[in-house]
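J.:
Chains as they are written, first to last, in our numbering: chain A, 861 to 997; chain B, 554 to 843.
Structure below.
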């Protein structure tokens, strides 16, 4: 069976490069599963959970905002964040969520700050989602 | 010949200078390693971003996105990324010389770093008004968010029609010994500038689908592309700055050591001369007494 080359790249460098059977990405218009020989597509992705399935092995990452380019044998994902499930420190992230929510509720933020805080919140929530879902499973 | 005391004083002062330049060299070396790493880390991301932009742009030919369409240039803004501090060899001088050569009446400037500000403020302008539209600070651990302020400022001016094109000028980091000056057009994004010269044949051969629509993707991607380019240019500039400073300080330390060697030789000669003279004087005095 043919495979997909999966590359996940963040500003800190290439975070992930491997062949996989299937990838699930958080697209702007909902989660999408990608198999080999997918039709070429460029899409925006939103903060959420990314799953790479290779045989029995399942890797889960939390990703931030970015873009993905899908072709028949390649998935290239560009994101401002890509964290493995093991790398996420739940307590810290929960705290960050709390802080961001509070900041959004109370303070009068500038437009720019507001956007940045909302983005931070979305990223943190994505991390929490990955962490908690994985534990429940 | 200078007195021995005078020479001793000079040796001491040169040694002090060497100590300082040595310390600065070490500081620059460690900062260089960090800056270099940051500049190089981002390059894979940069390349992919370019790839995605490349495959989007040909499809967008009929879309007429303002960032893609050249218009008659009445006013061109140049973003100049230099350093905050001096003592980094000819890095800034090379950049400024090139800028001065290309200087034209239609240009205004935006500076990053104190050295760029003082140079640009001194540029002659026909009306006597300053050509510096804005200046931004430079910090070693500049974040993407901070650099976004710069690009947002420029893009706002671009969309309001105040400026019609944006160029970017910075030092490009090749390696620790070599940094080149780079001045290139950034906005409007020509398909050639996205693909940096190489034809995007492979990328555009496959008709891509877009989700959401190509317009929305372009709206998100193009400003981000500009943000990212500026950020990357600043990182490049920082890596160049610290490398250039390290090399400059290394040369300074070596020169100081050489100078200490020369001065020590001179000092010893002077000392010996003094001793010889003293012996001669004693001998003469003794002969005179006999």
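Virtual Cβ for every residue (Gly too), placed ideally from N, Cα, C.
#1: Which residue's Cα is closest to the Cα of residue 882/A: 872/A, 943/A and 915/A?
#2: Whether or not the segment 899-908 of chain A and the segment 921-934 of chain A are in contact is what I'm after, with contact meaning three or more pairs of Cβ atoms, one per stretch, closer than 8 Å; do they touch?
#3: Could you tell me which of 765/B, 568/B and 776/B sits nearest to residue 709/B, measuring between CA atoms?
#4: Output yes if chain A places a C-beta closer than 9 Å to the C-beta of residue 763/B; else output no.
#5: Of all the beta strand (DSSP E) runs that stay within the bounds of the segment 614-653 of chain B, which reach a length of 3 or more residues?
#6: Look up residue 757/B in the DSSP assignment and say whether it is helix, strand or coil.
#7: According to DSSP, residue 892/A sits in a beta bridge with which residue or residues?
#8: Could you compute how far the alpha carbon of residue 700/B sits from the alpha carbon of residue 557/B?
#9: For the segment 580-609 of chain B, list every residue whose C-beta sits within 8 Å of some C-beta in chain A, in sequence order.
#10: Considering only C-alpha positions, which residue in the set 928/A, 872/A and 941/A is nearest to residue 982/A?
#11: For the segment 913-942 of chain A, which residues have a beta carbon sitting closer than 7 Å to at least one beta carbon of chain B?
#12: Note the first and the last residue of the continuous alpha helix (DSSP H) segment covering residue 791/B.
#13: Which residues of chain A have a Cβ atom closer than 9 Å to the Cβ of residue 697/B, listed in chain order?
#14: Which stretch, first to last residue, makes up the beta strand (DSSP E) that contains residue 690/B?
#15: Quick check on DSSP: helix, strand or coil for residue 719/B?
#16: Give me the Cβ distance between residue 685/B and residue 902/A, rounded to the nearest whole Å; I'm assuming they're in contact under 8 Å.
#17: List the residues of chain B whose Cβ lies closer than 8 Å to the Cβ of residue 902/A, in chain order.
#18: Can residue 594/B and residue 926/A be called in contact, C-beta distance under 9 Å?
#19: Residue range of the beta strand (DSSP E) that residue 566/B falls in?
#20: Do residue 787/B and residue 673/B have their C-beta atoms within less than 9 Å of each other?
#21: Residue 704/B lies in the alpha helix (DSSP H); which residues open and close that run?
#22: Which whole runs of the alpha helix (DSSP H) in the segment 919-947 of chain A are 4 residues long or more, in chain order?
#23: Helix, strand or coil: which one does DSSP assign to residue 676/B?
#24: Kindly list, in the order they appear in chain B, the residues whose Cβ is closer than 7 Å to that of residue 874/A.
#25: Could you work out which residues of chain A lie near residue 669/B, taking near to mean beta carbons separated by less than 7 Å?
#26: Starting from residue 955/A, follow the alpha helix (DSSP H) in both directions and report where the run begins and ends.
#27: May I ask you to verify whether the segment 787-800 of chain B touches the segment 585-602 of chain B, counting CB pairs closer than 8 Å and requiring at least 3?
#28: Taking the beta strand (DSSP E) that residue 665/B belongs to, which residues open and close that run?
#29: Taking residue 914/B and residue 631/B to be in contact with their CB atoms under 8 Å, please state how far apart those CB atoms are, rounded to whole angstroms.
#30: Rounded to whole angstroms, what is the Cα-Cα separation between residue 917/A and residue 887/A?
#31: Are the C-beta of residue 888/A and some C-beta of chain B separated by less than 9 Å?
#32: Give me the residue from 622/B, 605/B, 646/B and 731/B with the minimum Cα distance to residue 998/A.
#33: Mind checking which residues open and close the beta strand (DSSP E) that includes residue 865/A?
#34: Taking just the CA atoms, how far does residue 823/B sit from residue 833/B?
T.: Short version:
#1: For the residues 872/A, 943/A and 915/A, the minimum Cα distance to residue 882/A belongs to 915/A.
#2: Output reads yes: the segment 899-908 of chain A touches the segment 921-934 of chain A.
#3: Answer by Cα proximity: 776/B.
#4: Yes, residue 763/B lies at the interface with chain A (some Cβ there is under 9 Å from its Cβ).
#5: The segment 614-653 of chain B contains these whole beta strand (DSSP E) runs: 629-634.
#6: With a pLDDT of 46 at residue 757/B, under the threshold of 50, the modelled position of this residue cannot be trusted, and the question is left open.
#7: The partner list for residue 892/A (beta bridge, DSSP) reads 885/A.
#8: Distance between the alpha carbons of residue 700/B and residue 557/B: 56 Å.
#9: Taking 8 Å as the Cβ-Cβ cut-off against chain A, the residues of the segment 580-609 of chain B that qualify are 594, 595, 597, 598, 601, 602, 604, 605, 608 and 609.
#10: Nearest C-alpha to residue 982/A: 941/A.
#11: Going along the segment 913-942 of chain A in chain order, one finds 927, 929, 931, 936 and 938 with a Cβ nearer than 7 Å to chain B.
#12: Counting along the chain, the alpha helix (DSSP H) containing residue 791/B begins and ends at 767-842.
#13: Chain A residues near residue 697/B: 871 and 940.
#14: Premise fails: residue 690/B is in no beta strand (DSSP E) and is neither H nor E.
#15: Residue 719/B: strand per DSSP, three-state reduction.
#16: That pair is no contact at about 39 Å.
#17: Per Cβ cutoff of 8 Å: 605, 608, 609, 761, 762, 763, 764 and 770.
#18: No, they are not a contact pair.
#19: Counting along the chain, residue 566/B falls outside any beta strand (DSSP E), though it belongs to the alpha helix (DSSP H) covering 557-609.
#20: Not in contact: residue 787/B and residue 673/B (Cβ atoms no closer than 9 Å).
#21: Start and end: 697-712.
#22: Segments of the alpha helix (DSSP H) lying fully in the segment 919-947 of chain A: there are none.
#23: Residue 676/B falls in the coil class under three-state DSSP.
#24: The contacting residues are 597.
#25: Near residue 669/B there are no residues of chain A at all, since even the closest Cβ is about 24 Å away, more than 7 Å.
#26: Taken as a continuous stretch (DSSP letters only), the alpha helix (DSSP H) holding residue 955/A covers 950-966.
#27: With contact defined as three or more Cβ pairs closer than 8 Å, the segment 787-800 of chain B and the segment 585-602 of chain B are in contact.
#28: Residues 660-665.
#29: This structure cannot settle anything about residue 914/B, because the visible part of chain B is limited to 554 through 843.
#30: Using only the alpha carbons, I get a separation of about 22 Å.
#31: So, interface residue.
#32: Outside the shown range of chain A (861 to 997) lies residue 998/A, about which nothing can therefore be said.
#33: 864-870 is the span of the beta strand (DSSP E), which, as asked, contains residue 865/A.
#34: Our two residues, residue 833/B and residue 823/B, have alpha carbons roughly 15 Å apart in a direct line.
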